[in-house]
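Take a look at the structure set out below.
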Amino acid sequence: MENPNNSPSKRHNKDRHFKTQLKLVLQALEDQPRTMKELDVSTGIMRENICRYINELMRLGLVAVVRKRRCSITHHPNVKEYTADYNLFPKSNQLELF
Numbered sequence: 008m009e010n011p012n013n014s015p016s017k018r019h020n021k022d023r024h025f026k027t028q029l030k031l032v033l034q035a036l037e038d039q040p041r042t043m044k045e046l047d048v049s050t051g052i053m054r055e056n057i058c059r060y061i062n063e064l065m066r067l068g069l070v071a072v073v074r075k076r077r078c079s080i081t082h083h084p085n086v087k088e089y090t091a092d093y094n095l096f097p098k099s100n101q102l103e104l105f
């Protein structure tokens, strides 16, 4: 028996919502580097979801950690700042082999 609460149309709506929020997070990080909590406040997306989106974007190489700093919202002293602007990506200090 098929579960009516898990119909293909409902899963499609969740996927579309996920992709919309993912694009919104990426756009916000392209505008300026931010912490997860700053993204939460500026986009209205829950920080727990932003954490998942940033992990996915980092896995794809679209987002990088710029530095650690004090968050302007929580005032926690050691928070990662993320960016999607390739000009701000940290330079690798690894030697090239070829």
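Per this note's numbering, the sequence shown starts with residue 8, numbered consecutively.
Ideal placement from N, C-alpha and C gives every residue a C-beta, glycine not left out.
Values in this document were obtained by computation on a predicted structure and should not be read as measured data.
Inset, instruction - Specify the secondary structure class of K75 as computed by DSSP and reduced to three states. - result: When DSSP states are grouped into helix, strand and coil, K75 belongs to the strand group.
Legend entry - Backbone CA spacing between R41 and T90 [nearest angstrom]: Rounded to the nearest angstrom, the two C-alpha atoms are 7 angstroms apart.
Legend entry - Continuous alpha helix (DSSP H) stretch holding T50: start and end: 43-50
Inset, instruction - Please classify T90: does DSSP put it in a helix, a strand, or coil? - result: The answer is strand: DSSP assigns T90 an E or B state.
Inset, instruction - Taking C78 and V86 to be in contact with their CB atoms under 8 angstroms, please state how far apart those CB atoms are, rounded to whole angstroms. - result: 4 angstroms
Legend entry - Expected contact under 8 angstroms - CB spacing of R54 and M43 to nearest Å: 5 angstroms
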